[in-house]
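Here is the structure we will look at.
In our numbering, the protein residues as written are 400 to 477.
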């Protein structure tokens, strides 16, 4: 399973490790993802989503229903 947020589409970025001598080697910055269960009262069911912590803050702010609707509109959720 790829490490991609199901609501925002955030995924790993590529960058460099930089030593004190300015030597650069490639590295990967993974998205900060957690697996979380959410209750959707409109459908009276629980869903498990793999979301980034920034998406979790958005869910706390606007609600799970609005966040799911927004993700579907952007094409991240089917």
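Even glycine gets a Cβ: it sits at the ideal position worked out from N, Cα and C.
Problem set entry | Coarse secondary structure for residue 448, derived from DSSP in three states | For the purposes of this step, residue 448 is taken as residue 49 along the chain shown, with counting starting at 1. Of the three classes helix, strand and coil, the one that applies to residue 448 here is strand, per DSSP.
**Prompt:** What residues are listed by DSSP as bridge partners for residue 406?
**Reply:** As a working note, residue 406 is residue 7 in the chain shown. DSSP output for residue 406 lists no bridge partner at all.
For this session: Please report the residue range of the alpha helix (DSSP H) in which residue 468 lies.
Result: Taking the chain shown and counting its residues from 1, one reaches residue 468 at position 69. Here the alpha helix (DSSP H) through residue 468 covers 463-473.
Practice problem: Identify whether residue 416 lies in helix, strand or coil by the three-state DSSP scheme. | Solution: As a working note, residue 416 is residue 17 in the chain shown. Reduced to three states, the DSSP call for residue 416 is strand.
Buried or exposed, going by whether 16 or more other CB atoms sit within 10 Å of the CB of residue 401?
Walking along the chain shown from the start, residue 401 turns up at place 2. Exposure of residue 401 is indicated by the presence of fewer than 16 other C-beta atoms within 10 angstroms of its C-beta.
6 angstroms Cβ shell around residue 470 - same chain, five flanking residues per side excluded: What you label residue 470 is simply residue 71 of the chain shown in a count that begins at 1. Short of 6 angstroms from the beta carbon of residue 470, and not among the five residues preceding or following it, lie these beta carbons of its own chain, in chain order: 406, 476.
Query raised in the report: Straight-line CA distance for residue 403 to residue 438?
Result: Along the chain shown, read from residue 1 onward, the residue named residue 403 stands at position 4. Along the chain shown, read from residue 1 onward, the residue named residue 438 stands at position 39. In this structure, the straight-line span from the alpha carbon of residue 403 to that of residue 438 is close to 21 angstroms.
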